[in-house]
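Chemist: Please find one structure pasted underneath; my questions will follow.
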Amino acid sequence: MTPPFTAGVQLKSERIQLVDALRGLALLAIVLLHNLEHYNLFGAPTSAPEWLQALDRNVTDFIYFIFAGKAYATFSLLFGLSFYIQMRNARKRGCDFRARFAWRMLILAGFSQFHALFYNGDILLLYSVCGLILIPASSWSNRTVLTVAAILMLQPYAWAKIIYSFIDPNYVDTNSLFAVYSESAYQTGSTGTFLQTLANNIWNGQLYSNFWQVEAGRIFQTPALFLLGMWVGRKNFFERNETNLKFWRKAAFWSAVALIPLFMLKTYIPPLVDNITFHAYYGIALPMVFNFFFMVTLVSVFTLLWFSRDNKGYRWQRTLVAYGRMSLTNYIFQSIIGVTVYYHYGLDLFDKVGASVSVLIAFGIFSLQLMFSKWWLKSHQQGPLEYIWKRLTWISFPGEKTQCKPI
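Below is the structure:
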């Protein structure tokens, strides 16, 4: 389940390309993960040869270890960065962007409803709600921003549940309200027609998606990452200079070091505790922190590689720029393509292909979208949905200064 999306970001060209390349990498990871999950219609062939089943397990384990939770975190970080850039650019024009940003989040909620018709793993509604924290946070000091982000990232609700589970060992909370809705979604996706799938997603799919995200801790993680992204923008960490090179080197090193004890804690502590509530919430709190530091490692290494090539990145990094520039368009339409491939109303492949073939399908979707993105951006500044979002964001309101609208 998986983005931030920007329209009309006004930065130096090198910086735009780095941020878009990061976004493109995260979106590629999302395509891979969603295809492994068959867009929440989990299934695999039962008659595959043993060697292929072993390969599928290894492919799944590798992609999940590298990208699961990290791609989403990267998108969320860049969402906060995008807010800061838009706020900064509006201030340069003598305008206050906060009310306009609230309107922009309402439009994003509209996009989420369109997306959720097809895919019951939409994250845009969560983004549109959690993004509102950036409005008051725009006036906070950096220390306050980091403090609030750290508290939210540590999953205080999950830890409260964990502590209470030891106080009252008879208390049981499986943290799985979403499950009843997932069963209905699976049944419809695996047997239903196109119209039945849409009808189910209007209500049941929304409950499935959003209950899962709340119970998975994203209601805390998402605003935390938004705040950190805004802080990164304030500090200009994606600007290439000696200070920032040192920052990203330290970030890469210390985040990698932090992964060692976090991996030990999330792997070896749960088997020692026989408590359902503990397992339900510890399995949220520790992996969230682990994934955050893993994401910092990946972003740091990617950024250092980009800076090392005259601030223009390697060729494979530059290839991702066009994909990242059209992230809203590509995110929504890869879902539409994906559900058509795996769901019953389409090619019905959800239980006919394993992880290895699903990865090949994912790269096929990525390649088609990348070619379209490059073709489209030859004659347009933005992707089609990015353009619509920008136009709707900047519709004229009575009494507004004309200079507030970007060129």
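Heads up, the sequence shown is in this note's numbering, so the first residue is 1 and it goes up one at a time.
All residues carry an ideal CB built from backbone N, CA and C; glycine is no exception.
1. Examine the Cβ distances between the region 332-340 and the region 17-35 and report whether three or more of them are shorter than 8 Å.
2. Round the Cβ separation of glycine 205 and asparagine 120 to the nearest angstrom and send it over; I've been treating them as touching at under 8 Å.
3. If you draw a straight line from the C-alpha of valine 19 to the C-alpha of phenylalanine 238, how long is it?
4. Anyone know if the C-beta pair for glycine 324 and phenylalanine 226 falls short of 9 Å?
5. Quick one: is aspartate 274 buried, meaning 16 or more other Cβ sit within 10 Å of its Cβ, or exposed?
6. Among residues of its own chain, excluding the 5 on either side of glycine 346, which ones have a beta-carbon nearer than 6 Å to its beta-carbon?
7. Under 9 Å, do tyrosine 181 and tyrosine 208 count as touching if we go by C-beta distance?
8. Could you work out which residue in Ala116, Pro271, Ala216, Ser138 is closest to tryptophan 203 when comparing CA atoms only?
9. Could you check which residue in Ser47, Tyr281, Arg93 has the C-alpha nearest to that of valine 353?
10. With DSSP collapsed to three states, give me the class of lysine 235.
11. Judging by CA-CA distance, which residue of Gly94, Leu305, Val296, Pro49 is the nearest neighbour of serine 76?
12. Please classify leucine 106: is it buried, with 16 or more other beta-carbons within 10 angstroms of its beta-carbon, or exposed?
13. Between the region 158-176 and the region 277-288, do three or more beta carbon pairs fall short of 8 Å?
14. When DSSP labels each residue in this structure, what does leucine 265 get in the three-state scheme?
15. Can you tell which of Asp122, Ala26, Trp103 has its C-alpha closest to the C-alpha of glycine 69?
16. Could you pull the start and end residues of the alpha helix (DSSP H) that aspartate 443 belongs to?
17. Taking threonine 329 as part of the alpha helix (DSSP H), name the residues at either end of that continuous run.
18. From the DSSP output, in three-state form, read off asparagine 89 for me.
19. Got a sec? Which residues, its chain only, sit under 6 Å from glutamate 14 by beta carbon, not counting five neighbours each side?
20. Should serine 379 be labelled buried (16 or more other beta-carbon atoms within 10 Å of its own) or exposed?
21. Leaving out five residues on either side along the sequence, give the residues of the same chain with a beta carbon under 7 Å from the beta carbon of lysine 161.
22. Can you tell me the Cβ-Cβ gap for arginine 240 and phenylalanine 307, rounded? I've got them flagged as a contact below 8 Å.
23. Threshold first: 4 residues or longer. Then list the alpha helix (DSSP H) segments lying entirely within the region 140-168, N to C.
24. Tell me the residue span of the alpha helix (DSSP H) that contains glycine 110.
25. For a test of the three-state rule: what should DSSP assign to leucine 123, helix, strand or coil?
26. Mind checking which residues open and close the alpha helix (DSSP H) that includes alanine 362?
27. Compare the Cα-Cα distances from alanine 71 to each of Lys92, Phe294, Tyr127, Trp316 and report the closest residue.
28. So what's valine 396 in DSSP terms, helix, strand or just coil?
29. Rounded to the nearest angstrom, how far is the Cβ of valine 299 from that of leucine 22, given a contact under 8 Å?
30. Are the region 178-193 and the region 250-268 in contact at 8 Å, needing three or more beta carbon pairs?
31. For threonine 193, does the three-state DSSP call read helix, strand or coil?
32. From what residue to what residue does the alpha helix (DSSP H) around leucine 134 run?
33. Asparagine 201: which of Glu215, Val59, Asn175, Phe114 sits nearest, CA to CA?
34. Have a look at Leu360, Glu183, Gln381, Ile388 and flag the residue whose alpha-carbon is nearest the alpha-carbon of alanine 322.
35. Look at the alpha carbon of methionine 153 and the alpha carbon of isoleucine 85, and state the distance between them as a whole number of angstroms.
Modeler: Working from what's here:
1. Segments in contact, yes.
2. One-based indexing of the sequence shown puts residue 205 at position 205. One-based indexing of the sequence shown puts residue 120 at position 120. That pair is a contact at about 3 Å.
3. Walking along the sequence shown from the start, residue 19 turns up at place 19. Walking along the sequence shown from the start, residue 238 turns up at place 238. Across the structure, valine 19 and phenylalanine 238 are spaced so that their CA atoms are roughly 8 Å apart.
4. What you label residue 324 is simply residue 324 of the sequence shown in a count that begins at 1. What you label residue 226 is simply residue 226 of the sequence shown in a count that begins at 1. No, the pair does not count as a contact, with Cβ atoms beyond the cut-off.
5. Here residue 274 refers to the residue found at position 274 of the sequence shown. Exposed.
6. As a first step, residue 346 must be located in the sequence shown, where it is residue number 346. Closer than 6 Å at the Cβ level, and outside the excluded window around glycine 346, lie Thr340.
7. On the sequence shown, position 181 is the one that residue 181 refers to. On the sequence shown, position 208 is the one that residue 208 refers to. Yes, these two residues count as a Cβ contact at 9 Å.
8. Taking the first residue of the sequence shown as 1, we reach residue 203 at position 203. Ranking the options by Cα distance to tryptophan 203, first place goes to Ala116.
9. Looking up residue 353 in the sequence shown gives position 353. Ranked by how close their Cα comes to the Cα of valine 353, the residues Ser47, Tyr281, Arg93 have Ser47 in first place.
10. Position 235 of the sequence shown, counted from the first residue, corresponds to residue 235. Helix.
11. Here residue 76 is taken as the residue at index 76 of the sequence shown, counted from 1. Ranking Gly94, Leu305, Val296, Pro49 by CA distance to the CA of serine 76 puts Val296 first.
12. Within the sequence shown, residue 106 is the residue found at index 106, counting from 1. By the neighbour-count rule (16 or more Cβ atoms within 10 Å), leucine 106 is not buried but exposed.
13. Of all C-beta pairs linking the region 158-176 to the region 277-288, three or more are shorter than 8 Å, placing the two stretches in contact.
14. Walking along the sequence shown from the start, residue 265 turns up at place 265. For leucine 265, the secondary structure class from DSSP, reduced to helix, strand or coil, is helix.
15. What you label residue 69 is simply residue 69 of the sequence shown in a count that begins at 1. It is Ala26 whose Cα lies nearest to the Cα of glycine 69.
16. Since the first residue shown for the chain is 1 and the last is 407, residue 443 is missing from the structure and cannot be characterised.
17. Counting from one through the sequence shown, the residue named residue 329 turns up at place 329. 327-342 is the extent of the alpha helix (DSSP H) around threonine 329.
18. Counted from its first residue, the sequence shown places residue 89 at position 89. In the structure shown, asparagine 89 sits in a helix (DSSP, three-state: H, G or I).
19. Translated into positions along the sequence shown, residue 14 becomes position 14. Residue placement at glutamate 14 cannot be trusted, given a pLDDT of 38 that sits under 50; what the coordinates show is reported in the next sentence. Closer than 6 Å at Cβ, skipping near neighbours: Asn311.
20. Translated into the one-based positions of the sequence shown, residue 379 becomes position 379. Classification for serine 379: exposed.
21. Locating residue 161 in the sequence shown gives position 161, counting from the first residue. If the five residues before and after lysine 161 are omitted, its C-beta is found closer than 7 Å to the C-beta atoms of Asp173, Thr277, Tyr281, all from its own chain and listed in chain order.
22. For this step, residue 240 is matched to residue 240 along the sequence shown. For this step, residue 307 is matched to residue 307 along the sequence shown. Contact holds; Cβ gap of about 5 Å.
23. Those alpha helix (DSSP H) runs which fall completely within the region 140-168 and span 4+ residues are 142-153, 156-167.
24. Position 110 of the sequence shown holds residue 110. Unbroken alpha helix (DSSP H) run through glycine 110: 98-118.
25. Locating residue 123 in the sequence shown gives position 123, where the first residue counts as 1. One point to set straight first is that residue 123 is isoleucine, not leucine, in the sequence displayed. If DSSP states are grouped into helix, strand and coil, isoleucine 123 belongs with coil.
26. Along the sequence shown, read from residue 1 onward, the residue named residue 362 stands at position 362. Going by DSSP, alanine 362 is part of the alpha helix (DSSP H) stretching over 355-377.
27. Residue mapping note: residue 71 aligns to position 71 of the sequence shown, counting from 1. Out of Lys92, Phe294, Tyr127, Trp316, Phe294 has the C-alpha closest to the C-alpha of alanine 71.
28. Position 396 of the sequence shown, counted from the start, is the residue given in the question as residue 396. At residue 396 the sequence reads serine, which differs from the valine that was named. Coil, per DSSP.
29. As a first step, residue 299 must be located in the sequence shown, where it is residue number 299. As a first step, residue 22 must be located in the sequence shown, where it is residue number 22. About 6 Å separates the two Cβ atoms, so the contact holds.
30. Touching, no.
31. The residue given as residue 193 occupies position 193 in the sequence shown. In the structure shown, threonine 193 sits in coil (DSSP, three-state: anything other than H, G, I, E or B).
32. Here residue 134 is taken as the residue at index 134 of the sequence shown, counted from 1. Annotation for leucine 134: the continuous alpha helix (DSSP H) segment containing it runs 134-137.
33. Sequence index remark: in the sequence shown, residue 201 carries index 201 (1-based). Taking only the C-alpha atoms, the option nearest asparagine 201 is Phe114.
34. As a working note, residue 322 is residue 322 in the sequence shown. Ranking Leu360, Glu183, Gln381, Ile388 by Cα distance to alanine 322 puts Gln381 first.
35. As a first step, residue 153 must be located in the sequence shown, where it is residue number 153. As a first step, residue 85 must be located in the sequence shown, where it is residue number 85. So the alpha carbons of these two residues sit roughly 23 Å apart.
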